[in-house]
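Peer 1: Below: one structure in structure tokens.
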Amino acid sequence: MSTFKRAIFYTIGVVVLSFVYLHHYLIKRPSRRQRFEQTKLGKWNKARLSKRTTATDGSKYFLYTRKGNSRNLMVYFSGGGGCWNGETANVPLSLRSYLKHGQFGYYFARIPFYILNMHGGMFDRKPENPFSEWNVVFIPYASGDFHVGDTSANYVRANGKGARHIRHNGKNNVEEALKWVYDNFEAPEKLLIAGSSAGGFGSAFYATQIAKRYSSSEIYHLSDSSFLESESWPDIVNKNWNADFKRRFSYPMEADMIGAAFMGNARSLPNNVVLLHACTVYDKVLTSFQGNLDVKGDDVGPERTEAWTRQLRASTRRLVEHIPNFHYFLTDYGYDEKTHTTPHTLLPMKAFYEAQEEGVTLVNWLDGIINRKSRVSLGSRFLKEGEGSNSGETSALRNEA
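Quick note: the sequence shown, position 268, residue 373 per our numbering, numbers continuous.
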């Protein structure tokens, strides 16, 4: 990247971050109350956790909560990438990483002060959001391990340079967060366990534990934009992150990480617990991330996107076949013809209101499932072999491959 371009991006970044900083600290700064009952209706609150918690860089870890005017509760696992080697660990998500490496990075090394400002959509307090009055527990993510790690590691680049110490502390962070939840909430009327991206995986891993704690509640689990299939997963999860996965979650880690989690939860949970997955079908971030997992690099081309979407669709078919209470929302919302990609994450974005399939928006689909008992899947056209909204282009791409 040229010096001029770096200067332009730096200036823009400083202006944007300054605005976000002022907005967060002067206008929307969260209160600091340890007991949920002491917090104000509709206002974000920051709750401290024990010293067992930490971000990857050793900075403080904490919870965000928001009180709503209902007896319903959403436990939301935040996303934010991951790291497992020298190349990913040395490039945390930040403006500095973009200026230095030409990319924004792979994971949050600490909880960003602006994280709540990045979450609109389902978190908006406005009339068109049927979940605006739910109580919210927001579990931040700054461990680089999909919320399951239990180790520290020194990652060095393949060229021997750039050693970085990472605290994969997802396990302890979540355990302390859930302890706070259990101490502050009796059984809610309705319980939604949700998460986006890396948080979607985390929400799936801990869904059974949370659901069993609140077994008398009406329970739903939703993973948003959480599909990555790689033979590298078992080693990364158990060796790099020291998750001891099978012992802790009662099923083994597999190449299809989210598929394994849904199947494991289906075996452990009662049939009245509803399991959900929402995703765009050409997700550019997940395609890039999977390329890194398979040591193929970050670049996202049409052929690589096609390979990823075929795996997503095959996984979804398997889940539909084996889990009666599983429902999906697949969409090509935001499709970019030039890159053959779609955006990443739906719940915390304007896509929550705009993305639609079969004439039904995502917000209305979820509202129907949770509040109106209209439990359907949308986007079945993407599960038909060789078909989809972009089937003509897809066929051409496959022929080129």
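Cβ atoms here follow ideal geometry from the backbone N, Cα and C, with glycine treated the same way.
Specify the secondary structure class of Gly364 as computed by DSSP and reduced to three states.
Peer 2: The answer is helix: DSSP assigns Gly364 an H, G or I state.
Peer 1: Of all the options Gly184, Arg140, Asn240, Tyr211, which has the alpha carbon lying nearest to the alpha carbon of Ser175?
Peer 2: Minimum Cα distance to Ser175 is reached at Asn240.
Peer 1: Which residue spans inside the stretch 380-445 form an unbroken alpha helix (DSSP H) run of at least 4?
Peer 2: Complete alpha helix (DSSP H) runs here, min 4: 389-398, 407-427.
Peer 1: Can you say whether Phe332 is buried or exposed, counting buried as having 16 or more other CB atoms within 10 angstroms of its CB?
Peer 2: With 16 or more other Cβ atoms within 10 Å, it is buried.
Peer 1: Can you give the beta carbon distance from Ala383 to Asp329, rounded, assuming they're within the 8 Å contact cut?
Peer 2: Yes, Ala383 and Asp329 are in contact; Cβ-Cβ is about 5 Å, under 8 Å.
Peer 1: What residues in its chain sit with their C-beta under 6 Å from that of Gly406, if we drop five residues either side in the sequence?
Peer 2: Cβ within range, chain order: n/a, list empty.
Peer 1: By the 10 Å Cβ neighbour count, where 16 or more other Cβ atoms means buried, how is Lys110 classified, buried or exposed?
Peer 2: In this prediction, Lys110 scores a pLDDT of 35, lower than 50, which makes its location untrustworthy; no coordinate-derived value is stated.
Peer 1: Using only alpha-carbon positions, find the residue among Asn377, Phe290, Glu463, Ile341 that is nearest to Gly484.
Peer 2: Considering only alpha carbons, the answer is Glu463.
Peer 1: Near Asn150, which residues of its chain fall below 6 Å by C-beta distance, leaving aside the five closest residues on each side in sequence?
Peer 2: Hits under 6 Å: Pro135, Ser136, Arg138, Thr144, Thr170.
Peer 1: Please confirm whether Ile428 has its beta-carbon closer than 7 Å to some beta-carbon of chain B.
Peer 2: Here chain B cannot be found, since the structure has a single protein chain.
Peer 1: Check whether the Cβ atoms of Ser308 and Phe182 sit closer than 7 Å, and answer yes or no.
Peer 2: Yes, the Cβ-Cβ distance between Ser308 and Phe182 is below 7 Å.
Peer 1: Report the residue from Asn277, Asp340, Glu323 whose alpha carbon sits nearest the alpha carbon of Tyr311.
Peer 2: Of the listed residues, the one whose Cα sits closest to Tyr311 is Asn277.
Peer 1: If you draw a straight line from the alpha carbon of Phe394 to that of Arg269, how long is it in whole angstroms?
Peer 2: Computed Cα separation, rounded: 20 Å.
Peer 1: Let me confirm a value: Gly226 is counted as buried when at least 16 other C-beta atoms fall within 10 Å, else exposed. Which label applies?
Peer 2: Buried, since its Cβ has 16 or more Cβ neighbours within 10 Å.
Peer 1: Please confirm if the stretch 453-467 is in contact with the stretch 422-437, defined as three or more CB-CB distances below 8 Å between the two stretches.
Peer 2: The stretch 453-467 is in contact with the stretch 422-437.
Peer 1: Answer with buried or exposed for Leu146, where buried requires no fewer than 16 other C-beta atoms within 10 angstroms of its C-beta.
Peer 2: By the 10 Å Cβ count, Leu146 comes out exposed.
Peer 1: If you drop the 5 nearest sequence neighbours on each side, which residues of the same chain put their C-beta closer than 6 Å to that of Ile324?
Peer 2: Within the same chain, Ile324 has close Cβ partners Leu296, Ala316, Val378.
Peer 1: Given 8 Å as the limit, is there contact between the stretch 257-267 and the stretch 279-291, that is, 3 or more CB pairs closer than that?
Peer 2: The stretch 257-267 is not in contact with the stretch 279-291.
Peer 1: Under three-state DSSP, which class holds Arg372?
Peer 2: In the structure shown, Arg372 sits in a helix (DSSP, three-state: H, G or I).
Peer 1: Closer than 8 Å by C-beta to Asp404: which residues in its own chain qualify, once you throw out the five before and the five after it? Chain order, please.
Peer 2: Closer than 8 Å at the Cβ level, and outside the excluded window around Asp404, lie Ser393, Gly396.
Peer 1: Just the C-alpha distance for Lys148 and Asp399, rounded to the nearest angstrom, thanks.
Peer 2: Looking at the two C-alpha atoms, the distance is approximately 42 Å.
Peer 1: Please classify Glu281: is it buried, with 16 or more other beta-carbons within 10 angstroms of its beta-carbon, or exposed?
Peer 2: Its Cβ being crowded by 16 or more others within 10 Å, Glu281 is buried.
Peer 1: Is DSSP giving Trp149 helix, strand or coil here?
Peer 2: Note: Trp149 maps to strand in three-state DSSP.
Peer 1: Please classify Lys266: does DSSP put it in a helix, a strand, or coil?
Peer 2: In this structure, Lys266 counts as coil in the three-state DSSP scheme.
Peer 1: Among all the DSSP beta bridges, which residues are the ones paired with Ile298?
Peer 2: Partner(s): Val180, His326.
Peer 1: Which same chain residues, not among the five before or five after Arg423, have their C-beta less than 7 Å away from its C-beta?
Peer 2: Closer than 7 Å at Cβ, skipping near neighbours: Gly364.
Peer 1: Return the chain-ordered list of same chain residues with a C-beta closer than 8 Å to the C-beta of Val425, the five sequence neighbours on each side being excluded.
Peer 2: Taken in chain order, the residues that qualify are Phe431, Tyr433, Ser482, Leu488.
Peer 1: Please state the DSSP three-state secondary structure of Lys165.
Peer 2: Lys165 falls in the coil class under three-state DSSP.
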